[in-house]
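To start, the structure under review is shown below, and the notes come after it.
Chains as they are written, first to last, in the working numbering: chain A, 2 to 192; chain B, 73 to 173.
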């Protein structure tokens, strides 16, 4: 049963990812991304990370992809992109080779370091014991909250600062009080 | 056939590499951003998997922070894209070469 859930969720994740890469229209790519993110949320639930699945759906699928769609709508960049045009000679085959090589590298690291069991995970990361214990019985939200406000409070406050900076930066970057107008010449935008 | 954590790790490696290839192939800035999000999600799956393997809470906290940082990154990145594409609406990632050479 767990294997079935994993296979279905994995198929959705990888199918959505391939849809993002190979769809010519940005809106179709954004919708494939939503499918992929929902699949990732299902994989989180399969590993008992319920709160993270919730946050994943709400933040990623519910906010970030909506932000993408808003930008697409605002700018009207729904033009189809030609996947066959290569600005650099031979870039796309080399990109595919790089991707396959990276996959082989990661799998090599995983399987050659100890047959991929729990011993393999330990051999892969070099970590012998856990840092902060995670109890299966306690709800994940409680433990995550205790960790965020206890051990990781510095990182937590730093991310709060980061979010504030990002918000202010976004407002500053799109401030159009100067009134820019579209240009056609390359290089004229630099003035 | 038992569902070990190796399956999750192979899946996340595949997702990471698909995002990597997409980032290298596409030239539309928005789609390149979406491929970066795919790579971040792959890393999130890996974190949760290792958190389950070790019974460690650090992986879950790391996922939380990756999620927050990804959201902030998308906000700033998309505002940059808006600022750029507002001036030149049909530009792709290859057209922004003022710093070249």
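Yeah, the Cβ is synthetic: ideal placement off N, Cα and C, and Gly gets one too.
*State yes or no: is the beta carbon of residue 85 of chain B nearer than 7 Å to at least one beta carbon in chain A?*
Counting from one through the second chain, the residue named residue 85 of chain B turns up at place 13. Chain A, which has a Cβ nearer than 7 Å to the Cβ of residue 85 of chain B, makes this yes.
*Taking a cut of 8 Å between CB atoms, which residues from the stretch 101 to 119 of chain B lie near chain A?*
Going along the stretch 101 to 119 of chain B in chain order, one finds 102, 103, 105, 106, 107, 109, 110, 113, 116 and 117 with a Cβ nearer than 8 Å to chain A.
_Within chain B, partners of residue 56 of chain A - CB distance below 8 Å_ = Within the first chain, numbered from 1, the residue matching residue 56 of chain A stands at position 55. The answer, in chain order, is 136 and 139.
*Closest Cβ-Cβ distance between residue 70 of chain A and chain B: below 7 Å?*
For the purposes of this step, residue 70 of chain A is taken as the residue at position 69 of the first chain. No - not a single Cβ of chain B is within 7 Å of the one on residue 70 of chain A.
*Count the other CB atoms within 10 Å of the CB of residue 148 of chain A; is the residue buried (16 or more) or exposed (fewer)?*
Working through the first chain from its first residue, we reach residue 148 of chain A at position 147. It is buried - the Cβ of residue 148 of chain A has at least 16 other Cβ atoms within 10 Å.
*asked:* Is there a Cβ of chain A sitting closer than 7 Å to that of residue 171 of chain B, yes or no?
replied: Sequence index remark: in the second chain, residue 171 of chain B carries index 99 (1-based). Closer than 7 Å: no.
*Within its chain, find whatever has a CB closer than 6 Å to the CB of residue 53 of chain A; leave out the 5 residues flanking it on each side and keep chain order.*
The sequence position of residue 53 of chain A within the first chain is 52, counting from 1. The answer, listed in chain order, is 45.
_For residue 128 of chain B, count the other beta carbons within 10 Å of its own beta carbon; 16 or more makes it buried, fewer makes it exposed. Which is it?_
As a first step, residue 128 of chain B must be located in the second chain, where it is residue number 56. That one is buried.
*Can you tell me where the alpha helix (DSSP H) with residue 139 of chain A in it begins and where it stops?*
For the purposes of this step, residue 139 of chain A is identified with residue 138 of the first chain, where counting begins at 1. Here residue 139 of chain A belongs to no alpha helix (DSSP H), and DSSP marks it neither H nor E.
*Among the residues of its own chain, which have a CB less than 6 Å from the CB of residue 122 of chain B, if the five just before and after it don't count?*
To locate residue 122 of chain B, count along the second chain from 1; it is residue 50. Cβ within range, chain order: 131.
*So, using beta-carbon positions, are residue 142 of chain B and residue 112 of chain B closer together than 7 Å?*
Translated into positions along the second chain, residue 142 of chain B becomes position 70. Translated into positions along the second chain, residue 112 of chain B becomes position 40. Going by C-beta atoms, residue 142 of chain B is nearer than 7 Å to residue 112 of chain B.
*Could you tell me the boundaries of the alpha helix (DSSP H) in which residue 137 of chain B lies?*
Locating residue 137 of chain B in the second chain gives position 65, counting from the first residue. Where residue 137 of chain B is concerned, the enclosing alpha helix (DSSP H) stretches over 130 to 159.
*Measure from the C-beta of residue 143 of chain A to each C-beta in chain B and report whether the shortest distance is under 7 Å.*
As a first step, residue 143 of chain A is located in the first chain; it is residue number 142 there, counting from the start. Residue-level contact by beta carbon fails for residue 143 of chain A and chain B, as no gap is shorter than 7 Å.
*The alpha helix (DSSP H) with residue 91 of chain B in it runs from where to where?*
The residue labelled residue 91 of chain B in the question sits at position 19 within the second chain. 77 to 97 is the span of the alpha helix (DSSP H), which, as asked, contains residue 91 of chain B.
*Measure the beta-carbon distance from residue 103 of chain B to residue 175 of chain A and round it to whole angstroms, keeping in mind my assumption that it falls under 8 Å.*
What you label residue 103 of chain B is simply residue 31 of the second chain in a count that begins at 1. What you label residue 175 of chain A is simply residue 174 of the first chain in a count that begins at 1. Distance from residue 103 of chain B to residue 175 of chain A at the Cβ level is roughly 20 Å; contact not present, criterion being Cβ atoms closer than 8 Å.
*In chain order, each beta strand (DSSP E) run of at least 3 residues that lies wholly inside the stretch 25 to 55 of chain A*: The DSSP assignment places no complete run of the beta strand (DSSP E) inside the stretch 25 to 55 of chain A (cut-off: 3 residues).
*Can you name the residues of chain B whose CB is closer than 7 Å to the CB of residue 90 of chain A?*
Mapped onto the first chain, residue 90 of chain A falls at position 89. Chain order gives no chain B residues near residue 90 of chain A, where near means a beta carbon separation below 7 Å; the closest approach is about 13 Å.
*What does residue 103 of chain A reach in chain B if we use C-beta pairs closer than 7 Å?*
Sequence index remark: in the first chain, residue 103 of chain A carries index 102 (1-based). Listed along chain B, the residues sitting closer than 7 Å to residue 103 of chain A by beta-carbon distance are 89 and 92.
_Does the CB of residue 165 of chain B have a neighbour CB from chain A at under 7 Å?_
Here residue 165 of chain B refers to the residue found at position 93 when the second chain is read from its first residue. With 7 Å as the cut-off, residue 165 of chain B does not count as an interface residue toward chain A.
*So, is residue 78 of chain B buried or exposed, given that buried needs 16 or more other C-beta atoms within 10 angstroms?*
Along the second chain, one-based indexing puts residue 78 of chain B at 6. Buried is the call here.
*Would a check of beta-carbon distances place residue 193 of chain A closer than 7 Å to chain B?*
In the structure displayed, chain A extends from 2 to 192; residue 193 of chain A sits before or after that span and is not available.
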